Amino acid sequence: MPVIRPHIKSTLVDPSSTSTSTPISTMQFKPLLAFISLSQLLSLASAAPAAELEARQSDYWSDVQEWLSLHNEERQANGVGSLSWDRDLASKAQQVAKQCNVDNPQLYGENGASFNIGRYSKEQAFTDWKNTARSFPDDQSIPWQRIVWPDTQRVGCAQADCQLNFDVLYTVQVCYYDPRRKEIFIPTAGNMATVAYSGSP
Numbered sequence: 001m002p003v004i005r006p007h008i009k010s011t012l013v014d015p016s017s018t019s020t021s022t023p024i025s026t027m028q029f030k031p032l033l034a035f036i037s038l039s040q041l042l043s044l045a046s047a048a049p050a051a052e053l054e055a056r057q058s059d060y061w062s063d064v065q066e067w068l069s070l071h072n073e074e075r076q077a078n079g080v081g082s083l084s085w086d087r088d089l090a091s092k093a094q095q096v097a098k099q100c101n102v103d104n105p106q107l108y109g110e111n112g113a114s115f116n117i118g119r120y121s122k123e124q125a126f127t128d129w130k131n132t133a134r135s136f137p138d139d140q141s142i143p144w145q146r147i148v149w150p151d152t153q154r155v156g157c158a159q160a161d162c163q164l165n166f167d168v169l170y171t172v173q174v175c176y177y178d179p180r181r182k183e184i185f186i187p188t189a190g191n192m193a194t195v196a197y198s199g200s201p
């Protein structure tokens, strides 16, 4: 009796054959697999930047809320109105912070703003500025005066992680205020704005 074999010629290649053609069934599946793989890669590629952007935005607004809380709690304790966030001031603050130079920062006074600059965390830098109130009304209290100046309405802050001598890391915190505190001294040449140094030298 003859043996009935399943018809599988479309998926087998004769080993003695010199043909390099791919079996029909395999050729049918390859484009499908390639399409699935490509679509998955495109999906992952589009999802990754979106997730990263969302995380950055979340971090940004978390920083905004922390800076506003620190400033407005101190202002409310001194009977003055709350500040609102200003993206332009924050952008200027970021430019200065990224210079990682707290000894000779770029001064910013052309548009009537002034700023505080300090090292370490936001809370540590703010505490340093706030503690200068002990020296009021001397110029040593200028960082605190900027925080509670009644006419100031907007604030923008930023930070940058910096490296010293290739191994020591520190953080620079910068805040800009507008309208600025009215200076109680006559500025000298090159001193049109003032800088508050906070943290260790």
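Residues in the sequence shown are numbered consecutively from 1, following full-length UniProt numbering. C-beta atoms are modelled at their ideal positions from N, C-alpha and C, and glycine is treated no differently. If you're wondering where the values come from, they're calculated on a predicted model, not measured in any experiment.
Ordered along the chain, which non-local residues of its own chain (more than five positions away) have a Cβ less than 6 angstroms from that of residue 228?
-> No statement about residue 228 is possible, as the shown extent of the chain runs from 1 to 201 and does not include it.
Given Glu66, which residues of its chain have a CB within under 7 angstroms of its CB, disregarding the five upstream and five downstream residues?
-> Lys122
What do you get for Pro137, buried or exposed, if any count of 16 or more other CB atoms within 10 angstroms of its CB means buried?
-> exposed
Limits of the unbroken alpha helix (DSSP H) element including Ala90 = 87-97
At 4 residues or longer, and completely inside the stretch 141-188: list those alpha helix (DSSP H) runs for me, N to C.
-> 142-148
Using a Cβ-Cβ cut-off of 7 angstroms (strictly less than) and excluding sequence neighbours within five positions of Leu33, which residues of its own chain qualify?
-> Reliability fails at Leu33, whose pLDDT of 44 lies under 50, so the model's placement of it is uncertain and no value is given.
Quick one: what does DSSP say Asn101 is sitting in, helix, strand or coil?
-> coil
What did DSSP end up calling Asn116 once you bin it into helix, strand or coil?
-> strand
Sequence-distant residues of its chain with Cβ nearer than 8 angstroms to Arg75 (five each side left out) | Gly81, Ser82, Leu83, Ile147, Val148
Of all the options Ile142, Leu169, Asn165, which has the alpha carbon lying nearest to the alpha carbon of Arg181?
-> Ile142
Can you have a look at Tyr177 and say buried or exposed, based on whether 16 or more other CB atoms are within 10 angstroms of its CB?
-> buried
Taking buried to mean at least 16 other C-beta atoms within 10 Å of its own C-beta, is Asp86 buried or exposed?
-> buried
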